[in-house]
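Participant: So the sequence lines, in the order shown, correspond to chains Y and A.
Going left to right, the first sequence walks through residues 0 to 180 as numbering that gives the first Met the number 0 numbers them.
Going left to right, the second sequence walks through residues 0 to 564 as numbering that gives the first Met the number 0 numbers them.
Don't be surprised by glycine CBs; every beta carbon is placed ideally from N, CA and C.
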Amino acid sequence: MRHTISLLVENEYGMLSRVAGLFSARGYTIDTLCVGPTLDDGVSRMTLTTHGHDQIIEQIIKQLRKLVKVIKVTDLTERAHVEREMVMLTVNAERGEPRQEVLSLVEIFRAKVVDVSTDSFIIELTGNAEKIEAFIDLLRPIGIREIVRTGTVAMTRVAASRAQPKGNEETFSQLTLNEKV
Amino acid sequence: MKMRGARILIEALRCENVEHIFGYPGGAVLHVYDEINRHADRLKHYLVRHEQGALFAAAGYAQATGKTGVALVTSGPGGTNAVTGIANAFLDSLPLVVFTGQVPTHLIGNDAFQEADLTGITRSCTKHNYLVKKVEDLAPTIKEAFHVARTGRPGPVLVDLPKDITAQEAEFVYPESISMRSYRPTSHGHPGQVRRAVEAMLRAERPVLYVGGGAIAAGAHEEVRALAEKLNLPTTCTLMGLGAFPASHPLSLGMLGMHGGYWTNMAVNNSDLLISVGARFDDRVTGKLSDFARGAKIVHVDIDPSCIGKNVKADVPVVGDARVVLQQMLAEAQRQLEAGSQVAAREAWFAQIGEWRREHPFFYHEDGEVIKPQYVIHELHRITKGQAVVAADVGQHQMWTAQLYGFERPRQWLNSGGLGAMGYGFPAAMGAAVARPQDLVVAVVGDGGFQMSFQELATVVEYQIPVKILIINNGFLGMVRQWQEQFYDHNYSHSDIKVAPDFVKLAEAYGLPALRAERAGEVTRTLERGLATPGPVLIDVRVAREENVFPIVPAGAALKDMILQ
Numbered sequence: 000m001r002h003t004i005s006l007l008v009e010n011e012y013g014m015l016s017r018v019a020g021l022f023s024a025r026g027y028t029i030d031t032l033c034v035g036p037t038l039d040d041g042v043s044r045m046t047l048t049t050h051g052h053d054q055i056i057e058q059i060i061k062q063l064r065k066l067v068k069v070i071k072v073t074d075l076t077e078r079a080h081v082e083r084e085m086v087m088l089t090v091n092a093e094r095g096e097p098r099q100e101v102l103s104l105v106e107i108f109r110a111k112v113v114d115v116s117t118d119s120f121i122i123e124l125t126g127n128a129e130k131i132e133a134f135i136d137l138l139r140p141i142g143i144r145e146i147v148r149t150g151t152v153a154m155t156r157v158a159a160s161r162a163q164p165k166g167n168e169e170t171f172s173q174l175t176l177n178e179k180v
Numbered sequence: 000m001k002m003r004g005a006r007i008l009i010e011a012l013r014c015e016n017v018e019h020i021f022g023y024p025g026g027a028v029l030h031v032y033d034e035i036n037r038h039a040d041r042l043k044h045y046l047v048r049h050e051q052g053a054l055f056a057a058a059g060y061a062q063a064t065g066k067t068g069v070a071l072v073t074s075g076p077g078g079t080n081a082v083t084g085i086a087n088a089f090l091d092s093l094p095l096v097v098f099t100g101q102v103p104t105h106l107i108g109n110d111a112f113q114e115a116d117l118t119g120i121t122r123s124c125t126k127h128n129y130l131v132k133k134v135e136d137l138a139p140t141i142k143e144a145f146h147v148a149r150t151g152r153p154g155p156v157l158v159d160l161p162k163d164i165t166a167q168e169a170e171f172v173y174p175e176s177i178s179m180r181s182y183r184p185t186s187h188g189h190p191g192q193v194r195r196a197v198e199a200m201l202r203a204e205r206p207v208l209y210v211g212g213g214a215i216a217a218g219a220h221e222e223v224r225a226l227a228e229k230l231n232l233p234t235t236c237t238l239m240g241l242g243a244f245p246a247s248h249p250l251s252l253g254m255l256g257m258h259g260g261y262w263t264n265m266a267v268n269n270s271d272l273l274i275s276v277g278a279r280f281d282d283r284v285t286g287k288l289s290d291f292a293r294g295a296k297i298v299h300v301d302i303d304p305s306c307i308g309k310n311v312k313a314d315v316p317v318v319g320d321a322r323v324v325l326q327q328m329l330a331e332a333q334r335q336l337e338a339g340s341q342v343a344a345r346e347a348w349f350a351q352i353g354e355w356r357r358e359h360p361f362f363y364h365e366d367g368e369v370i371k372p373q374y375v376i377h378e379l380h381r382i383t384k385g386q387a388v389v390a391a392d393v394g395q396h397q398m399w400t401a402q403l404y405g406f407e408r409p410r411q412w413l414n415s416g417g418l419g420a421m422g423y424g425f426p427a428a429m430g431a432a433v434a435r436p437q438d439l440v441v442a443v444v445g446d447g448g449f450q451m452s453f454q455e456l457a458t459v460v461e462y463q464i465p466v467k468i469l470i471i472n473n474g475f476l477g478m479v480r481q482w483q484e485q486f487y488d489h490n491y492s493h494s495d496i497k498v499a500p501d502f503v504k505l506a507e508a509y510g511l512p513a514l515r516a517e518r519a520g521e522v523t524r525t526l527e528r529g530l531a532t533p534g535p536v537l538i539d540v541r542v543a544r545e546e547n548v549f550p551i552v553p554a555g556a557a558l559k560d561m562i563l564q
């Protein structure tokens with residue numbers, strides 16, 4: 000099963016290689032990986048997606064937690080969360096009908112044309128992986144010249160009423176930590 | 000006070016109460032060496048003859064004492080030669096802090112002379128590693144390195160020191176305490192799990208307590224014994240756990256696993272409750288996993304959560320320090336006993352184990368003139384009254400010693416269990432002898448492993464480190480030969496090493512007294528004379544060439560399918 004795992008790590012020399020090295024050394028796979036800064040200069044956020052049966056996922060999480068400079072590991076898969084990735088595509092857009100078809104797909108998917116030439120567009124789209132896959136499938140017959148995708152980033156949903164955390168301490172502490180960083 | 004980085008290192012080691020360090024100099028650590036012999040009164044440095052020897056000596060030091068072993072080597076080849084020793088400490092959870100030289104910061108990444116990416120190379124075989132990039136970071140980094148190495152599940156930590164960092168000056172301030180938001184090992188077990196574990200231990204009809212190296216690391220041997228006695232639990236130790244429970248104790252089952260006792264493996268395999276303390280269900284212990292202790296409920300106590308559920312699913316997982324958790328279990332057992340619970344009667348179980356033991360005890364044939372290696376271990380035990388600190392190398396002699404020496408106390412048995420690194424025994428014994436000058440330290444080694452480490456003869460002579468080297472010499476890579484005999488149709492491909500130096504003459508060339516036994520009748524006298532000789536000594540015992548270690552669970556087979564002879 001596909002899992003989305005979010006890590007807070009010390010922003011130190013070699014952190015990416017420690018995380019990536021753990022996966023390769025133990026034969027796990029990283030499907031996507033995104034790394035970026037947080038509000039705290041000393042802390043980076045890594046979001047990675049991986050797959051495997053439950054025992055493998057459990058080991059991945061435990062091994063990640065064991066890394067000395069990993070502050071927090073959260074498997075977002077089982078909890079309410081929002082996932083997004085971004086894609087940029089250079090798409091054929093000959094004058095006339097193809098150009099109109101691409102534009103209408105852009106409209107339907109709430110994508111954006113960010114660059115225009117006489118016979119092509121660069122289109123930007125954000126969404127979850129399924130939406131992006133669907134968009135790519137629809138554009139493929141028209142002609143995709145180049146594609147660049149980010150990995151997945153994800154965030155826990157904040158409970159609708161923050162005054163009532165429903166006794167769910169795990170979510171609550173996650174929330175406080177997010178606020179701290 | 001302002002001082003250069005090299006001096007900061009010396010002062011930091013002093014703050015960590017480091018008394019002994021094993022090392023080998025080279026260009027990138029010359030600033031450090033320039034300080035080392037100026038402070039010889041506070042920090043004794045042992046010059047080894049190969050970096051691997053420094054790491055194994057530091058590991059032996061740590062294994063024999065529980066203190067953190069410290070090694071110092073230069074950049075590039077110094078560091079790469081140390082890697083086997085680091086990997087060994089990682090697999091056997093030994094606290095080490097390893098200082099490596101590095102090329103100056105402005106040359107890093109330049110393919111400079113004697114440059115190697117040591118933090119990169121050792122990332123997967125250290126608990127953590129550091130590259131110090133500012134001299135101001137040096138003292139706090141060393142503080143953190145020692146903290147990480149010895150807390151939680153202990154392990155090796157590497158600190159890479161660029162040459163310019165050891166030359167630059169900074170104010171020396173050693174942090175008094177340390178707090179890391181990303182690293183906080185759990186010590187107390189979950190009370191609910193502890194209660195469930197104790198209930199299971201009271202009720203079980205066929206329990207086995209299975210104790211690993213983690214119990215020794217945690218200093219939990221007294222608690223292990225107390226729990227076994229209080230709840231009447233037959234107790235087995237892993238290769239790494241030998242000594243955590245006294246071998247002569249009526250509840251002792253000896254060692255389990257590939258070369259464990261028949262009765263031990265049968266007991267484990269037929270148990271209805273297996274209580275693992277500081278052990279990790281390694282493949283050499285379990286054999287074929289799907290056939291391992293199928294009827295047993297598993298209680299798994301480990302400080303490293305990733306060990307729980309890795310190979311075997313735990314019914315009652317308890318994350319925590321073995322000593323603390325066992326104390327919790329003892330208190331909980333007391334509560335439950337006072338509340339009227341009783342320990343299950345287990346006469347049938349003990350009778351069954353006794354029967355297994357009588358059916359197939361450890362066994363070897365005496366053979367008149369020819370020296371049987373098992374006999375040498377028996378005699379070693381008898382003559383040393385079971386009191387020696389014994390460091391083994393890797394192979395058949397290691398298994399015979401593990402089976403037959405009978406370790407009564409923790410930190411009395413040193414070996415390379417996880418990595419199985421030949422060449423470990425002699426330098427490890429050297430480190431142990433430095434740490435424990437009052438104890439008799441014996442290195443039991445094979446002729447193969449000794450040839451991977453005998454450069455350290457110069458070290459033991461130079462510092463008069465009183466290691467007694469006992470070579471179980473069969474002219475073979477014995478364990479390889481045994482597998483070739485049993486599993487490769489007697490095809491002894493490249494395992495015959497009878498072309499070897501005369502070890503007695505070799506010792507004499509280094510200036511070391513040496514003795515030899517070639518006939519069974521000579522063993523006792525030779526051992527007695529050798530062990531009574533002051534200082535380092537070498538004893539070469541020529542044993543039967545093709546003796547096998549039994550029982551043996553073939554790799555990948557189930558415990559119940561062990562070969563008995």
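Name the chain A residues whose beta carbon is nearer than 8 Å to that of glutamate 77 of chain Y?
Facilitator: Here the premise fails: no neighbours, minimum Cβ distance about 17 Å.
Participant: Touching or not, the segment 241-259 of chain A and the segment 523-541 of chain A, by the rule of three or more beta carbon pairs under 8 Å?
Facilitator: They do not touch, by the three-pair rule.
Participant: Look up glycine 22 of chain A in the DSSP assignment and say whether it is helix, strand or coil.
Facilitator: Strand.
Participant: Just tell me which of A:Ala519, A:Phe475 and A:Ser178 has its CA closest to the CA of valine 498 of chain A.
Facilitator: For the residues A:Ala519, A:Phe475 and A:Ser178, the minimum Cα distance to valine 498 of chain A belongs to A:Phe475.
Participant: Determine the direct distance from the alpha carbon of arginine 480 of chain A to that of aspartate 495 of chain A, and round the result to whole angstroms.
Facilitator: Whole-angstrom Cα-Cα distance: 8 Å.
Participant: Would you identify the three-state DSSP class for serine 251 of chain A, choosing helix, strand or coil?
Facilitator: Three-state result, serine 251 of chain A: strand.
Participant: Measuring CA to CA, which of A:Arg122, A:Val223 and A:Lys162 is closest to glutamine 113 of chain A?
Facilitator: Looking at the Cα atoms, A:Lys162 is the closest of the given residues.
Participant: Beta-carbon of isoleucine 70 of chain Y versus every beta-carbon of chain A: anything under 8 Å?
Facilitator: Yes, contact with chain A.
Participant: Should lysine 133 of chain A be flagged as near chain Y, meaning a C-beta pair shorter than 8 Å?
Facilitator: False, the Cβ-Cβ gap to chain Y never drops below 8 Å.
Participant: Given a cut-off of 8 Å on the beta-carbon distance, is the pair alanine 79 of chain Y and threonine 155 of chain Y in contact?
Facilitator: Yes. Within cutoff.
Participant: Could you tell me if lysine 309 of chain A is buried or exposed, where buried requires 16 or more neighbouring beta carbons within 10 angstroms of its beta carbon?
Facilitator: When all chains shown are included, lysine 309 of chain A counts as buried.
Participant: Applying a beta-carbon distance threshold of less than 8 Å, which residues of chain A neighbour asparagine 44 of chain Y?
Facilitator: In the sequence on display, residue 44 of chain Y carries arginine and not asparagine. Simply none; closest approach about 14 Å.
Participant: Applying a beta-carbon distance threshold of less than 7 Å, which residues of chain Y neighbour serine 123 of chain A?
Facilitator: Under the 7 Å cutoff, chain Y gives Gly20 and Ala24.
Participant: With DSSP as the reference, label threonine 155 of chain Y as helix, strand or coil.
Facilitator: DSSP places threonine 155 of chain Y in strand when its eight states are reduced to three.
Participant: Can you list, in chain order, the residues of the segment 101-125 of chain A whose Cβ is nearer than 8 Å to any Cβ on chain Y?
Facilitator: Those residues of the segment 101-125 of chain A that come within reach of chain Y (Cβ to Cβ, closer than 8 Å) are Thr118, Gly119, Arg122 and Ser123.
Participant: Taking contact to mean 3 or more Cβ pairs, one atom from each stretch, closer than 8 Å, check whether the segment 6-25 of chain A and the segment 72-81 of chain A are in contact.
Facilitator: The segment 6-25 of chain A vs the segment 72-81 of chain A: in contact.
Participant: With 16 other CB atoms within 10 Å as the buried threshold, where does asparagine 167 of chain Y fall?
Facilitator: With a pLDDT of 43 at asparagine 167 of chain Y, under the threshold of 50, the modelled position of that residue is not reliable, and no figure is offered here.
Participant: Whose CA, out of A:Leu530, A:Lys504 and A:Val369, lies closest to the CA of leucine 439 of chain A?
Facilitator: Of the candidates A:Leu530, A:Lys504 and A:Val369, the one whose C-alpha sits nearest the C-alpha of leucine 439 of chain A is A:Leu530.
Participant: Measure the alpha-carbon distance for alanine 56 of chain A versus glutamate 123 of chain Y and round it to whole angstroms.
Facilitator: If I take the Cα positions, the gap works out to 60 Å.
Participant: So what does DSSP say about aspartate 53 of chain Y, is it helix, strand or coil?
Facilitator: Helix at aspartate 53 of chain Y.
Participant: Check whether chain Y comes within 8 Å of asparagine 16 of chain A, counting only Cβ atoms and requiring the distance to be less than that.
Facilitator: No - not a single Cβ of chain Y is within 8 Å of the one on asparagine 16 of chain A.
Participant: Please list the residues of the segment 354-383 of chain A that have a C-beta atom closer than 9 Å to any C-beta atom in chain Y, keeping them in chain order.
Facilitator: The residues in question: there are none.
Participant: Inspect the beta-carbon positions of proline 233 of chain A and alanine 266 of chain A and report whether they are closer than 8 Å.
Facilitator: Contact: yes.
Participant: Closer than 9 Å by beta-carbon distance: list the chain A residues that pair up with glycine 13 of chain Y, in chain order.
Facilitator: Going along chain A in sequence order, the residues near glycine 13 of chain Y (Cβ under 9 Å) are Thr118, Gly119, Arg122, Asn128 and Leu130.
Participant: Using a Cβ-Cβ cutoff of 9 Å, what residues of the segment 303-336 of chain A are near chain Y? List them in chain order.
Facilitator: Correct list: Asp303, Pro304, Ser305, Cys306, Ile307, Gly308, Lys309 and Lys312.
Participant: Between which two residues does the alpha helix (DSSP H) harbouring glutamine 167 of chain A extend?
Facilitator: Careful: glutamine 167 of chain A lies outside any alpha helix (DSSP H) and carries neither H nor E.
Participant: Report the three-state DSSP secondary structure of asparagine 87 of chain A (helix, strand or coil).
Facilitator: Three-state DSSP puts asparagine 87 of chain A in a helix.
Participant: Hey, is tryptophan 348 of chain A close to the ligand ZN, as in C-beta under 7 Å from one of its heavy atoms?
Facilitator: Annotation note on the ligand ZN: not contained in the displayed structure, which lists no ligands.
Participant: For the beta strand (DSSP E) containing methionine 87 of chain Y, list its first residue and its last residue.
Facilitator: Note, methionine 87 of chain Y: beta strand (DSSP E), 80-91.
Participant: Find the residues of chain Y that neighbour tyrosine 182 of chain A, judging by a C-beta separation of less than 7 Å, and give them in chain order.
Facilitator: Going along chain Y in sequence order, the residues near tyrosine 182 of chain A (Cβ under 7 Å) are Val67.
Participant: So, for glutamine 163 of chain Y: in the same chain, excluding its five sequence neighbours on each side, which residues have a beta-carbon less than 7 Å away from its beta-carbon?
Facilitator: Confidence in glutamine 163 of chain Y is poor, its pLDDT being 48 and thus under 50, which makes the residue's placement too unreliable to answer from.
Participant: So if I threshold CB-CB distances at 8 Å, which residues from the segment 142-162 of chain A count as touching chain Y?
Facilitator: Going along the segment 142-162 of chain A in chain order, one finds Val147 with a Cβ nearer than 8 Å to chain Y.
Participant: Does the beta carbon of serine 116 of chain Y sit closer than 8 Å to a beta carbon anywhere in chain A?
Facilitator: Closer than 8 Å: no.
Participant: Give the residues of chain A in contact with serine 16 of chain Y, contact being defined as C-beta atoms less than 8 Å apart.
Facilitator: Simply Gly119 and Arg122.
Participant: Compare the Cα-Cα distances from methionine 14 of chain Y to each of Y:Ser43, Y:Ala158, Y:Thr48 and Y:Met0 and report the closest residue.
Facilitator: The shortest Cα separation from methionine 14 of chain Y among Y:Ser43, Y:Ala158, Y:Thr48 and Y:Met0 belongs to Y:Ser43.
Participant: Counting only beta-carbon atoms, is asparagine 123 of chain Y nearer than 8 Å to chain A?
Facilitator: In the sequence as presented, asparagine is not what sits at residue 123 of chain Y; that position holds glutamate. Not closer than 8 Å to any Cβ of chain A, the Cβ of glutamate 123 of chain Y fails to qualify, so no.
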